[in-house]
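Down below is the structure, laid out as structure tokens.
Quick look at the structure:
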């Protein structure tokens, strides 16, 4: 995901200066809204509200849930319902529930009206009620609070990419190469036409593309034993054995995805270009990583102005086979669902300093695990030197830290371990203000919205059932405390 990291390293290896700000328009998984360090946002995720196509009119399979609180006084509910009446919004469900604040009542209402009618009502509610939140199950809505509920909802993201893909900037190494541009179009077509449940189409990479991969692969693997974390060192040989990782072969996304899914439940999905922060993080909530499939231009094998298959497969993919790292990424994704723009920005920044540029302690020494480091020969060496400042990973602090995108990072955050990093992120996410809790159901591959007691009780029953299985397993052992 980290374009800027390996871009800078690539430039250094090629004997050139670091790419200019103009060359970094779309270098990574977060697309910055500004070039200044203070305003920059992680690259693959641009921090802007999601904008989708207009809603499907008249489709009654879609509905809006609106949650709000009112003062506990005579006439409050009547005033709230009058807002819906004046807006000609018909309600299909009204439910009251206890509020965390004793002097208020909380309400949950549903409607199947079009967003064009619902939106002005919501704006009026915000002027007179507390904690107004809209949940939406229509993937084609223009309501920015929408998030996918089923894994197949991720299909809609392919039609709302923000940039890159087949379109190249004028300063891109392949901009004047007609053959390369046509090749990129073919990769974009694969991603746009891909649907959930399909196998990722296999690509026959050209000898020229394989040589480009080889140059990157051979350079980076020189540092694996000395600079990368033990989890990465453990998994990389398994990728060689199971997925065809070698210098003269570019692994297929389908093979890597199947391997990851067997290890941790994560899978890869081809993307034609850059996604918004909400959309990209939402994919992680379903244990899906959106990955590019094309490769950088052959004239500059150690430089690329956007994510490519070298960065994805050498930087990101290996650690999604590690249980603790995968769970951390999943936690970040779940935390983003229904979160405010401000909270999404904080989560994206935490993602930058961990999944992209993270360090972890290993036997008293710092080791790299961020993909921007693992795919950058130059910064992989720099990050473990005495030059940068290293701070302990604390989400509350990390989330509001500014960072540059045209130079090596002056600050890195260091995790004690992947498990500790996950626990801290889970605690941080628990403080995000939402009137519901999202839960991923791996059996149905869907998001459950825990916003009432009945839903919560249902989950608790499932937990008790799992505990019974575990207790039964303990009882069958010769010694219950045998390790």
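Residue numbers (the working numbering): 402 to 884.
Every residue gets a Cβ at the ideal spot worked out from N, C-alpha and C, and that includes glycine.
Endpoints, the beta strand (DSSP E) within which residue 689 is located: Your numbering for residue 689 matches position 288 in the chain shown. Element bounds for residue 689: 689-692.
Give the secondary structure of residue 512 by DSSP, where H, G and I count as helix, E and B as strand, and everything else as coil. The sequence position of residue 512 within the chain shown is 111, counting from 1. DSSP places residue 512 in strand when its eight states are reduced to three.
Nearest CA to the CA of residue 756: which residue from 580, 530, 732, 866? By 1-based counting over the chain shown, the position of residue 756 is 355. Considering only alpha carbons, the answer is 732.
If the criterion is Cβ atoms closer than 8 Å, does the pair residue 792 and residue 809 meet it? One-based indexing of the chain shown puts residue 792 at position 391. One-based indexing of the chain shown puts residue 809 at position 408. Contact flag unset, no.
Is the separation between the beta-carbon of residue 735 and that of residue 800 shorter than 8 Å? Position 334 of the chain shown, counting from 1, holds the residue named residue 735. Position 399 of the chain shown, counting from 1, holds the residue named residue 800. For residue 735 and residue 800, no; Cβs fall outside 8 Å.
Assigned secondary structure, residue 752 (DSSP; H/G/I helix, E/B strand, else coil): Locating residue 752 in the chain shown gives position 351, counting from the first residue. Reduced to three states, the DSSP call for residue 752 is helix.
In whole angstroms, what separates the C-alpha of residue 844 from that of residue 699? Numbered from 1 along the chain shown, position 443 holds the residue referred to as residue 844. Numbered from 1 along the chain shown, position 298 holds the residue referred to as residue 699. Distance between the alpha carbons of residue 844 and residue 699: 43 Å.
Cβ contact (3+ pairs, closer than 8 Å) linking the region 710-718 and the region 771-783: yes
Buried versus exposed call for residue 869 [16 or more other C-beta atoms within 10 Å across all chains shown]: Reading the chain shown from its first residue, position 468 is the one you call residue 869. So residue 869 ends up on the exposed side.
Any idea what DSSP makes of residue 800, helix, strand or coil? Residue numbering aside, residue 800 sits at position 399 when the chain shown is read from its first letter. Of the three classes helix, strand and coil, the one that applies to residue 800 here is coil, per DSSP.
Going by C-alpha distance, which of 562, 779, 663, 830 is nearest residue 748? Within the chain shown, the letter at position 347 stands for residue 748. Cα-wise, what sits closest to residue 748 is 830.
Quick one: measure Cβ to Cβ for residue 629 and residue 722, integer angstroms, because I've assumed they're closer than 8 Å. Within the chain shown, numbered from 1, the residue matching residue 629 stands at position 228. Within the chain shown, numbered from 1, the residue matching residue 722 stands at position 321. In fact, because the Cβ distance is near 14 Å, the residues do not count as touching under 8 Å.
Report the rounded CA-to-CA distance for residue 651 versus residue 641, giving the unit in angstroms. Position 250 of the chain shown holds residue 651. Position 240 of the chain shown holds residue 641. Approximately 11 Å, taken between the alpha carbons.
Beta-carbon contacts of residue 849 that lie in its chain and below 8 Å, excluding the five residues immediately before and after: Within the chain shown, the letter at position 448 stands for residue 849. If we look at residue 849 and ignore the five residues flanking it on each side, its Cβ neighbours are 839, 840, 841, 842, 856, 860.
Coarse secondary structure for residue 596, derived from DSSP in three states: As a first step, residue 596 must be located in the chain shown, where it is residue number 195. Coil.
Sort 533, 517, 729, 776 by Cα distance to residue 836 and report the nearest one. Looking up residue 836 in the chain shown gives position 435. Cα-wise, what sits closest to residue 836 is 533.
When the Cβ atoms of the region 756-766 are set against those of the region 590-608, are three or more pairs found closer than 8 Å? no
Give me, in chain order, the residues of the same chain whose beta-carbon lies closer than 6 Å to that of residue 754; leave out the 5 immediate sequence neighbours on both sides. Taking the first residue of the chain shown as 1, we reach residue 754 at position 353. The residues are 799, 814.
Does the pairing of the region 676-693 with the region 736-745 give three or more beta-carbon distances under 8 Å? yes
Inter-residue spacing [alpha-carbon to alpha-carbon] between residue 507 and residue 728: Translated into the one-based positions of the chain shown, residue 507 becomes position 106. Translated into the one-based positions of the chain shown, residue 728 becomes position 327. Taking the straight line joining both Cα atoms gives about 33 Å.
Write down the C-beta distance between residue 466 and residue 529 rounded to the nearest angstrom, noting that I regard them as a contact closer than 8 Å. Looking up residue 466 in the chain shown gives position 65. Looking up residue 529 in the chain shown gives position 128. Contact doesn't hold; Cβ gap of about 19 Å is too wide.
On the DSSP bridge assignment, give the partners of residue 469 in chain order. Walking along the chain shown from the start, residue 469 turns up at place 68. DSSP output for residue 469 lists 508 as bridge partner(s).
Could you give the distance in angstroms between the alpha-carbon of residue 691 and the alpha-carbon of residue 672? Position 290 of the chain shown, counting from 1, holds the residue named residue 691. Position 271 of the chain shown, counting from 1, holds the residue named residue 672. The straight-line gap from Cα to Cα measures roughly 6 Å.
Sequence-distant residues of its chain with Cβ nearer than 7 Å to residue 683 (five each side left out): As a working mapping, residue 683 is identified with position 282 in the chain shown. Cβ within range, chain order: 548, 549, 734, 737, 738.
I'd like to know if the region 652-664 and the region 513-530 are in contact, where contact means that at least 3 CB-CB pairs between them fall below 8 Å. no
Which runs of the beta strand (DSSP E) at least 3 residues long sit entirely within the region 638-717? Give them in chain order. 668-671, 689-692
Report all residues from its chain with a CB closer than 7 Å to the CB of residue 500; omit the five preceding and five following residues, and keep chain order. To locate residue 500, count along the chain shown from 1; it is residue 99. So the list reads 470, 506, 507, once near-sequence residues are dropped.
Pick from 551, 572, 655, 599: whose alpha carbon is nearest that of residue 710? Sequence index remark: in the chain shown, residue 710 carries index 309 (1-based). With distances taken between Cα atoms, residue 710 lies closest to 655.
DSSP state of residue 734, grouped into three classes? Residue 734 sits at position 333 when you count from the first residue of the chain shown. Note: residue 734 maps to helix in three-state DSSP.
For a test of the three-state rule: what should DSSP assign to residue 532, helix, strand or coil? Residue 532 sits at position 131 when you count from the first residue of the chain shown. The answer is strand: DSSP assigns residue 532 an E or B state.
Secondary structure of residue 889, DSSP reduced to three states: As displayed, the chain neither begins before 402 nor continues past 884, which places residue 889 out of reach and without an answer.
When you compare only the Cα positions, how much space is there between residue 877 and residue 561? Stepping through the chain shown from its first residue, residue 877 is reached at position 476. Stepping through the chain shown from its first residue, residue 561 is reached at position 160. Between residue 877 and residue 561, the C-alpha separation is close to 53 Å.
If we call anything under 8 Å between Cβ atoms a contact, is residue 520 one with residue 591? Your numbering for residue 520 matches position 119 in the chain shown. Your numbering for residue 591 matches position 190 in the chain shown. Cβ atoms of residue 520 and residue 591: not closer than 8 Å.
From the DSSP secondary-structure annotation, give me the bridge partner or partners of residue 622. Residue numbering aside, residue 622 sits at position 221 when the chain shown is read from its first letter. None; residue 622 has no bridge partner.
Is it right to say residue 803 is buried, meaning 16 or more other beta carbons lie within 10 angstroms of its own, or is it exposed? Working through the chain shown from its first residue, we reach residue 803 at position 402. Exposed.
Relative to the C-alpha of residue 554, which candidate in 574, 597, 581 has its C-alpha closest? On the chain shown, position 153 is the one that residue 554 refers to. The option with the nearest alpha carbon to residue 554 is 597.
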